Amino acid sequence: MRSNRTAWGLLAPTLLVLGFAGLLPFFYVVYVGFFDWNVFSKTGDLVWAGANNYRRLVFDTEFLAALKRGIVFTLWTVTLEMVLGMALAQLLMREFKGKSFFRAVHALPLTVAPIAVGATWRLMTIPGLGPLPYYLRRIGIDYNIGRYAGQAFATTVLMDVWHWTPFVTLTLLAGLTALPREPFEQAMVDGANRWQILRHLTLPMLRPVILTALFLRIMDALRIVDEVWMLTGGGPGTATRYVGIHVWRVVFPKTDYGYGSAMSVLLLYFTIVLCWLLLTAITQARRETD
Amino acid sequence: MTRTQKPPRRGFLPMETNLFDRIFIGVVLFVAIHLLWMRFVEQYIPLTVATILSVVLMYVIAKWG
Numbered sequence: 001m002r003s004n005r006t007a008w009g010l011l012a013p014t015l016l017v018l019g020f021a022g023l024l025p026f027f028y029v030v031y032v033g034f035f036d037w038n039v040f041s042k043t044g045d046l047v048w049a050g051a052n053n054y055r056r057l058v059f060d061t062e063f064l065a066a067l068k069r070g071i072v073f074t075l076w077t078v079t080l081e082m083v084l085g086m087a088l089a090q091l092l093m094r095e096f097k098g099k100s101f102f103r104a105v106h107a108l109p110l111t112v113a114p115i116a117v118g119a120t121w122r123l124m125t126i127p128g129l130g131p132l133p134y135y136l137r138r139i140g141i142d143y144n145i146g147r148y149a150g151q152a153f154a155t156t157v158l159m160d161v162w163h164w165t166p167f168v169t170l171t172l173l174a175g176l177t178a179l180p181r182e183p184f185e186q187a188m189v190d191g192a193n194r195w196q197i198l199r200h201l202t203l204p205m206l207r208p209v210i211l212t213a214l215f216l217r218i219m220d221a222l223r224i225v226d227e228v229w230m231l232t233g234g235g236p237g238t239a240t241r242y243v244g245i246h247v248w249r250v251v252f253p254k255t256d257y258g259y260g261s262a263m264s265v266l267l268l269y270f271t272i273v274l275c276w277l278l279l280t281a282i283t284q285a286r287r288e289t290d
Numbered sequence: 001m002t003r004t005q006k007p008p009r010r011g012f013l014p015m016e017t018n019l020f021d022r023i024f025i026g027v028v029l030f031v032a033i034h035l036l037w038m039r040f041v042e043q044y045i046p047l048t049v050a051t052i053l054s055v056v057l058m059y060v061i062a063k064w065g
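Residue numbers (the working numbering), protein chains in the order written: chain E, 1 to 290; chain X, 1 to 65.
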C-alpha cells in the first residue's frame, strides 16, 4: 500500500504536466470543434453548432485537397528520410577518415529552428539572389518556386528531407550501435552477403527503432507549417498549402476557431489512423514471415 | 493489489486484440461512419441512425471482436 502511494506521488508531477499541457488543450479543441466561435461576432461567445463544423468539413474541397496534398508530401518526405537515414546510419557504423567531423556536420540541420530553416531556404531560392536558381539556370533549368507549382512542392520536400534526415540517421544509428555483434559475425561466417544480413538480421532486429522514427516523422510531416510558411507561404496558388497552413489561414485571419478546431481534430484523427494502420500492417507482415 | 491485464484474444477481427485495441477500433469506426454518413447518406437518412449503428458496432467489436 505504501509503495503504491510512493509510486503515485512520484508520478504526480508528470501526470499534472501531461494533464495541463496535453490532455486539457486536446479536450478543449474537441469541445470548441462543436461550436461556432468568432471573436469579432456581436457577442464573441461560443454558439452551439453540433456536428455542423464537421458537416461543413466533409464538403470542403479546399480542406480535402490540402489533406491529400499533405499525405502526398508525407509519403515523399518520410520515404526519402527513412531510406537516406538508414543508408547514412549504415555508413556511420563503419570506420573512415573524418567520421566524427561528418557526423557532427550532418547533425547540424537538427539544431536549426524550423522557421530559420524556411527563411534560409527562401534566401537560397529567390530568383536573382539565391544560389539555387543561379546554378540551375546555368544548366538550363528555369527554377522559380514562386511560379512553378511542381518545383515549389519538390523544394518543400527537399527542405524537409535536409532538415530531418539527420534525426532518422541518429535514431537508427543509436539502434544499430545497441545491436549484439554475435548474430552478424555468425551470419558472415555462414557466408551471408550484405543484402541478406540487412534483410534478415538488421531490419528485423531494428524494427522497434525504425517504427519509432517512422511514426515520429509521419506525425511531424503531416502537421508541417512553419518551414513551408516561410519558404512558399503555401503557394504558388495552393501547390504547397498543406493542412497545417490551411488551418492557419482559416483560423487566424478569419478567426473561425470552431471550424479550425474541427479541422485540427480531423487531422489528428487521420494521423492516428494512418500510424495505426501502418503499425498493424507491419506487425501482421512480421508475424507472417515468422 | 496489482491488477493483471487480460491477455489478447482472437475474435472475429483478423488480429489478436485486447480490450483497449477493440475500444480504439470502435472509436475509429465511430468517427469514420459519421464522416462518411454526413458526406454521402445524410441527405436521405438522418445522422442519428449513424450514431445508433456506430454505438451498436462499438459494442459488438468490444464484446466479440
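Here a beta-carbon is modelled for each residue, glycine too, at the ideal position from N, C-alpha and C. The model shown is predicted, which means the values in this text are computed figures rather than measured ones.
key: Within the region 39-96 of chain E, ranges of the alpha helix (DSSP H) (whole runs, at least 4 residues)   = List check, alpha helix (DSSP H) in window: 52-58 and 61-92.
key: Limits of the unbroken alpha helix (DSSP H) element including M15(X)   = Careful: M15(X) lies outside any alpha helix (DSSP H) and carries neither H nor E.
key: Close Cβ partners of A62(X) (< 8 Å) along its chain, the five nearest in sequence each way excluded   = L19, R22, I23 and G26
query = Are E227(E) and G118(E) close, meaning C-beta to C-beta below 7 Å?
reply = Cβ atoms of E227(E) and G118(E): closer than 7 Å.
Which residues DSSP lists as bridging D36(E), in chain order = D36(E) is bridged by DSSP to V47(E).
query = Is it true that the region 243-263 of chain E meets the region 17-37 of chain E, where meeting means three or more beta-carbon pairs spaced less than 8 Å apart?
reply = Yes, they touch.
key: Reduced DSSP category for R9(X) - H, G, I as helix; E, B as strand; rest coil   = strand
key: Start and end residues, alpha helix (DSSP H) containing L214(E)   = R207 to L222
task = Would you mind working out which of T232(E), I272(E) and A285(E) sits nearest T156(E), comparing C-alpha positions?
result = T232(E)
inquiry  = Against chain E, which members of the region 35-59 of chain X pass a CB distance test of less than 7 Å?
reply    = L35, M38, R39 and L47
message = Closer than 8 Å is the cut-off here; do at least three beta carbon pairs connect the region 160-175 of chain E with the region 204-217 of chain E?
response = For the pair of segments examined, the region 160-175 of chain E was found to touch the region 204-217 of chain E: the number of CB pairs separated by less than 8 Å reaches three.
ask   = Under 9 Å Cβ-Cβ, which residues of chain X neighbour A66(E)?
value = For the C-beta of A66(E), not a single chain X residue is nearer than 9 Å; the gap to the nearest is close to 16 Å.
ask   = Would the beta-carbon of A224(E) fall within 7 Å of that of G234(E)?
value = Before going on, a small fix: residue 224(E) reads as Ile here, not Ala. No, they are not a contact pair.
query = Are the CB atoms of L176(E) and A89(E) nearer to each other than 7 Å?
reply = yes
ask   = Can you find a C-beta in chain X that's less than 7 Å from the C-beta of V273(E)?
value = yes
inquiry  = Per DSSP, what are the beta-bridge partners of D142(E) in this structure?
reply    = Looking at the DSSP assignment, D142(E) forms no beta bridge with any residue, so it has no partner.
Listed by chain order, chain X residues near Q284(E) by CB distance under 9 Å = P14 and M15
inquiry  = Check whether chain X comes within 7 Å of R5(E), counting only Cβ atoms and requiring the distance to be less than that.
reply    = no
request  = Using a Cβ cut-off of 7 Å, pull out every chain X residue sitting near R55(E), in sequence order please.
outcome  = Residues of chain X whose Cβ lies closer than 7 Å to the Cβ of R55(E) are, in chain order, M38.
query = Mind checking if Y269(E) is an interface residue toward chain X, Cβ cutoff 7 Å exclusive?
reply = yes
inquiry  = Residues of the region 153-182 of chain E in Cβ contact with chain X at a cutoff of 8 Å, in chain order, please.
reply    = none
ask   = Just the Cα atoms here: how many angstroms apart are T255(E) and F59(E)?
value = The alpha-carbon atoms of T255(E) and F59(E) are separated by roughly 20 Å.
request  = Quick one: list the residues of chain X neighbouring V58(E), beta-carbon separation under 7 Å, in chain order.
outcome  = Residues of chain X passing the Cβ test: L35, M38 and R39.
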